[in-house]
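Quick note: the sequence shown uses the numbering used here, first residue 1, plus one each step. No residue lacks a Cβ here, since even glycine has one placed at the ideal position from N, Cα and C. One structure is given here, and the rest of the page talks about it.
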Amino acid sequence: MTDAAEDAELVRRVATGEERAAAERAFCQRYAARIRRYAERHLRDPDAVLDLTQQALLGVIEAMRAGRIDDPARLGAFVLSTCRHLSWDANRAAARQERVRRALGAEPLPMVELSDSSLDSVRLGHCLSRLAERERSVVLLTYCEDWPGPRIADELGTTAGNVRVLRHRAIEKLWACLERSVEG
């Protein structure tokens, strides 16, 4: 089977859902190194190289799933075009940031060492315990259980709008509590 035929078969399998995970994995194995090499030639920042690689893989997989690849046998050209557009976007963003930095006369901020995550967990736990039970439930169901607002509303016997208000107020209280615990 030729490369073009193999590419067309990968696109077909992803689009139809037939062994989708295996086809997507095969696509990533086949193209990840090529995408990374392209990114290394066109971007200066090593982090941007990794970002472009991931964005290109994800973007092409989404296009395959949605059936947006007109000629599956030319998957390589589609990947290259995706990389080119992402590279242009990344370089434009970097140039824009550099212009802003020069215009403001500011040097890049130094790296700040983040506090120990276990200490952050203790602080957050303390601040969560100070919230009212209903507010704490909304926060935990939203961020720990990943429940949508309407489901939380049903669980708590309220409206989705009230859940948004409760969440907003709880987050404000958490921020205030966390700021106090850092200062004091």
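Check                                                                                                                   : Outcome
Nearest residue (CA-CA) to residue 92, options 162, 66, 42 and 27                                                       : 42
Candidates 132, 5 and 120, of which the one nearest residue 75 by Cα                                                    : 5
Inter-residue Cα distance where the pair is residue 16 and residue 65                                                   : 8 Å
Per-residue DSSP class, three states only, for residue 44                                                               : coil
Local Cβ density within 10 Å of residue 87, reported as buried at 16 or more and exposed below that                     : buried
In chain order, each alpha helix (DSSP H) run of at least 4 residues that lies wholly inside the region 18-83           : 20-42 and 46-66
Pick from 73, 140, 157 and 163 that is closest to residue 8, judged by C-alpha positions                                : 73
Close-in-space but distant-in-sequence residues of the same chain around residue 153 (CB under 6 Å, 5 per side omitted) : 159, 160 and 163
Three-state secondary structure assigned by DSSP to residue 130                                                         : coil
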